[in-house]
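As structure tokens, the structure follows; a few thoughts come after it.
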Amino acid sequence: MTAAYAVRRIALTFQMGGGTQIKLASGNPGLRIHAHVDLANAPTTGRALVRVHGLTLDHMNQLSVAGLVYASRLGQNYVTIEAGDEASGMATIFTGQIMQAYPDFARQPDVSFVIAANPANVPQMKPVEPTSFSGATSASTALDAIAGKAGLTAESNGVSAMLASPYFPGTAWQQFLGLVRAVDGFGFIDGINKVLAIWAKNGSRSGARTIISKENGMIGYPNFQARSVIVRTMFTTRIRPDVGKVITIQSELNAADGNFIVFNVAHDLMSETPSGPWETTISTAPEVDL
């Protein structure tokens, strides 16, 4: 888990359409950052909402263009969020297109700058040709074609469904959602690794299993909501739950002890703020219940 006295850090990298790169990090004099990152199964795309305190007016003027001038932002302006501490290092937790970027002077003298970002703005908005095939076509073949149009890499996770002369119109994101429905599975856009993933309802994405326990940072006890198990843990770069992948929860509650598939990950992080949040909430479904 996070070291007891490690200094928590959040770093933001802005890549602007004109080639300008701006880097900000908590720990700079007067700079405080509150980042909320939400990642979820399709049809939700996930999002990030960031509030930065202590920016200079020059930085505010540079970054405001990213969100307020539509022609300057569509698919051009990105933000990458990293978080961690001095002991365990930093990890990227979000990359996405900037949708809004504006100063908030409502609480002067505590002026802040707000950034809202989405990992799927380009696939959602950019027109592409329909994807169609003649005859029986595998889901993985269709996914390869759709992901290519979105500039992403396909991850089919063993989905073996065969589709009869499939036709997917609309934007790349609409085509992807159509494919997810066609295979009766789940989907996810990974903005960090530039991946479009699908997996079967009785399956999961491949990858190492993360263990969540009181020994490595679990906060309190798991909560239950309908058929879901929700667990909170201290944020650390060593625990990397990912949507669609399996985690193992070790709990004294029998119903929340075992393997679960993640369908939502929410990071709530605040640096340079006494008693500020530094945690991850993971929403899951039992592996055997899908």
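Just so it is clear: in the sequence shown, position 257 is 240 by the numbering used here, and no numbers are missing.
Every residue gets a Cβ at the ideal spot worked out from N, C-alpha and C, and that includes glycine.
task = Quick one: grab the DSSP three-state call for Asn206.
result = For the purposes of this step, residue 206 is taken as residue 223 along the sequence shown, with counting starting at 1. Here Asn206 sits in strand by DSSP.
ask   = What's the C-alpha gap between Val245 and Gly170?
value = By 1-based counting over the sequence shown, the position of residue 245 is 262. By 1-based counting over the sequence shown, the position of residue 170 is 187. In a straight line, the C-alpha of Val245 is about 12 Å away from that of Gly170.
query = In the structure shown, what three-state DSSP assignment does Phe(-3) receive?
reply = In the sequence shown, counting from the first residue as 1, residue -3 sits at position 14. Strand, per DSSP.
key: Beta-carbon spacing of Leu146, Ala183 below 8 Å   = In the sequence shown, residue 146 corresponds to position 163, counting from 1. In the sequence shown, residue 183 corresponds to position 200, counting from 1. Contact flag unset, no.
Thr(-4) versus Gly67, Gly13, Ile232 and Thr78, residue with shortest Cα-Cα distance = Counted from its first residue, the sequence shown places residue -4 at position 13. Per the Cα distances, Thr78.
task = Compute the distance between the beta-carbons of Ala106 and Ala155, then report whether it is under 8 Å.
result = In the sequence shown, counting from the first residue as 1, residue 106 sits at position 123. In the sequence shown, counting from the first residue as 1, residue 155 sits at position 172. Note on identity: in this sequence residue 106 is Pro, with Ala being the wrong assignment. Yes.
query = Candidates Asp167, Ile76 and Ala239: which alpha carbon is nearest Tyr204's?
reply = In the sequence shown, counting from the first residue as 1, residue 204 sits at position 221. Comparing Cα positions, the closest option is Ala239.
Under the three-state DSSP convention, the category Gln4 falls into = For this step, residue 4 is matched to residue 21 along the sequence shown. Strand at Gln4.
task = Sort out for me which residues DSSP pairs Val35 with in a bridge.
result = By one-based count along the sequence shown, residue 35 stands at place 52. Ile16 and Phe96, per the DSSP bridge assignment.
Residue span of the alpha helix (DSSP H) that contains Asp87, given as start and end = What you label residue 87 is simply residue 104 of the sequence shown in a count that begins at 1. That residue, Asp87, is in no alpha helix (DSSP H); its beta strand (DSSP E) goes Gly72 to Asp87.
query = From Val163 to Arg30, what does the alpha carbon distance come to, in whole angstroms?
reply = Translated into the one-based positions of the sequence shown, residue 163 becomes position 180. Translated into the one-based positions of the sequence shown, residue 30 becomes position 47. Computed Cα separation, rounded: 20 Å.
Met253 to Thr264 span [Cα, whole Å] = To locate residue 253, count along the sequence shown from 1; it is residue 270. To locate residue 264, count along the sequence shown from 1; it is residue 281. Near 15 Å, if we compare the C-alpha coordinates of Thr264 and Met253.
query = Buried or exposed: where does Tyr150 fall if 16 or more other Cβ atoms within 10 Å of its Cβ makes it buried?
reply = As a working note, residue 150 is residue 167 in the sequence shown. Label assigned to Tyr150: exposed.
message = Helix, strand or coil, according to DSSP, for Leu60 in the structure here?
response = On the sequence shown, residue 60 is found 77 positions in, with the first residue counted as 1. The question names Leu, yet the displayed sequence has Asn at residue 60. If DSSP states are grouped into helix, strand and coil, Asn60 belongs with coil.
ask   = Is the number of C-beta pairs between the segment 90 to 104 and the segment 32 to 41 that are closer than 8 Å three or more?
value = yes
message = Taking the beta carbon of Glu198 as the centre, do at least 16 other beta carbons fall within 10 Å, making it buried, or is it exposed?
response = Counting from 1 along the sequence shown, the entry for residue 198 is found at position 215. Under this definition Glu198 is an exposed residue.
message = Is the separation between the beta-carbon of Ala23 and that of Ile(-7) shorter than 8 Å?
response = Position 40 of the sequence shown, counted from the first residue, corresponds to residue 23. Position 10 of the sequence shown, counted from the first residue, corresponds to residue -7. Not a contact, by the Cβ cut-off of 8 Å.
task = From the DSSP output, in three-state form, read off Leu126 for me.
result = In the sequence shown, the residue the question calls residue 126 occupies position 143. Leu126: helix per DSSP, three-state reduction.
key: Beta-carbon separation (whole angstroms), Val214 vs Met201, contact threshold 8 Å   = As a position in the sequence shown, residue 214 is number 231, starting the count at 1. As a position in the sequence shown, residue 201 is number 218, starting the count at 1. Correct: roughly 6 Å between the Cβ atoms.
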